[in-house]
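Undergrad: Sending over a structure as structure tokens; questions will come in a sec.
Here is the structure:
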């Protein structure tokens, strides 16, 4: 094994990340073109993808993207909601151009549109959902890199990276690993230092999808907790210099409690009752 192959070999840590996010689990259906990437079929139906071949295809895709001189000429597209956050982070870290949400027809072929683009490379998350972008890329001769599942069609796909492209965390991890390999090939980071940019370590969960409603609930709960804590800790000002009422001299002589008062004779006759 050469030094270059050993340097880019699949590490145990990366394998654990792939297994933890279930990036190796395909769907129950299998395309005949994807049989070469399947390790075996699980007893309950899903096909298990060979992670070694996933890693080899990922490196090939990273080399193709890193070979583009201008990073902005690489256009990344995804209509899948789970991949849109990863798409924006990938574009921010690698300098690619992101098109998230609905892909406008004619974006690559109609020059009259304001959103018209002339990319040198197209990267997508799912060839089924992003079929419009794949079709237009074939019209203008733009190569396409795609994350593909076991049931995905490979027609018009130049480089397919086999993985679970339907999971919330698996698709985020694949975009994270692709961005890391691109930056390593460009020389911006190294495997020894890890995925560190501007002194900050970029973790895979930064690329994971987050539900806006759950995020809003967490922020609202945290704000309410902070407000309640501040109200509890707020101290009331007490003016100790204010003068109260007149205080008598405590040392003054008090009345003698031992003095015997005059009592009437209990045996004497009761007074006559007055008549009204």
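Numbering (our numbering), first residue to last: 295 to 570. Here a beta-carbon is modelled for each residue, glycine too, at the ideal position from N, C-alpha and C.
May I ask you to report which of helix, strand or coil DSSP gives residue 392?
TA: Residue 392: strand per DSSP, three-state reduction.
Undergrad: Pull up the distance between the alpha-carbon of residue 345 and that of residue 366, whole angstroms please.
TA: Residue 345 and residue 366: Cα-Cα distance of roughly 30 Å.
Undergrad: Suppose you measure from the CA of residue 312 to the CA of residue 406; what does that come to, to the nearest Å?
TA: Each residue's alpha carbon lies about 43 Å from the other.
Undergrad: So, using beta-carbon positions, are residue 420 and residue 398 closer together than 9 Å?
TA: Taking 9 Å as the Cβ cut-off, residue 420 and residue 398 do not qualify as a contacting pair.
Undergrad: Does the separation of the CB atoms of residue 353 and residue 321 fall below 9 Å?
TA: Not a contact, by the Cβ cut-off of 9 Å.
Undergrad: Got a sec? Which residues, its chain only, sit under 7 Å from residue 324 by beta carbon, not counting five neighbours each side?
TA: Answer for residue 324: 332, 341, 444 and 445, listed in chain order.
Undergrad: Going straight from the alpha carbon of residue 414 to that of residue 408, what length do you get?
TA: Spanning the two alpha carbons is a distance of roughly 18 Å.
Undergrad: Just grab the DSSP bridge partners of residue 421 for me.
TA: The partner list for residue 421 (beta bridge, DSSP) is empty, contrary to what the question assumes.
Undergrad: In three-state DSSP terms, what is residue 307?
TA: The answer is helix: DSSP assigns residue 307 an H, G or I state.
Undergrad: In angstroms, rounded to a whole number, what distance separates the CA positions of residue 383 and residue 337?
TA: Cα-Cα distance, rounded: 37 Å.
Undergrad: Quick one: grab the DSSP three-state call for residue 331.
TA: The answer is helix: DSSP assigns residue 331 an H, G or I state.
Undergrad: Mapping the DSSP letters down to three states, classify residue 478 as helix, strand or coil.
TA: It is helical.
Undergrad: Can you give me the Cβ contacts of residue 433 inside the same chain, cut-off strictly under 8 Å, excluding the 5 residues immediately before and after it?
TA: These residues qualify, in order along the chain: 402 and 403.
Undergrad: Could you spell out where the beta strand (DSSP E) holding residue 342 opens and where it closes?
TA: Note, residue 342: beta strand (DSSP E), 341-343.
Undergrad: Using DSSP's beta-bridge definition, name the partner residues of residue 488.
TA: Note: residue 488 sits in a beta bridge opposite 484.
Undergrad: Is residue 371 closer than 9 Å to residue 427 when the C-beta atoms are compared?
TA: Contact flag set, yes.
Undergrad: How many Å lie between residue 430 and residue 334 at the Cα?
TA: C-alpha separation (whole angstroms): 35 Å.
Undergrad: Using C-beta distances below 7 Å, list every residue in its chain close to residue 376, excluding the 5 sequence neighbours before and after it, in chain order.
TA: Hits under 7 Å: 462, 465 and 503.
Undergrad: Quickly, what does DSSP pair residue 312 with across the bridge? List them, please.
TA: Per DSSP, none; premise fails for residue 312.
Undergrad: Determine the direct distance from the alpha carbon of residue 400 to that of residue 306, and round the result to whole angstroms.
TA: Roughly 44 Å between the two C-alpha positions.
Undergrad: Could you tell me the boundaries of the beta strand (DSSP E) in which residue 370 lies?
TA: Per DSSP, residue 370 belongs to the beta strand (DSSP E) from 368-372.
Undergrad: Determine the direct distance from the alpha carbon of residue 422 to that of residue 450, and round the result to whole angstroms.
TA: The straight-line gap from Cα to Cα measures roughly 12 Å.
Undergrad: Let's test the definition: count the other Cβ atoms within 10 Å of the Cβ of residue 310 and tell me whether it reaches 16, buried, or not, exposed.
TA: The residue is exposed, with fewer than 16 neighbouring Cβ atoms inside 10 Å.
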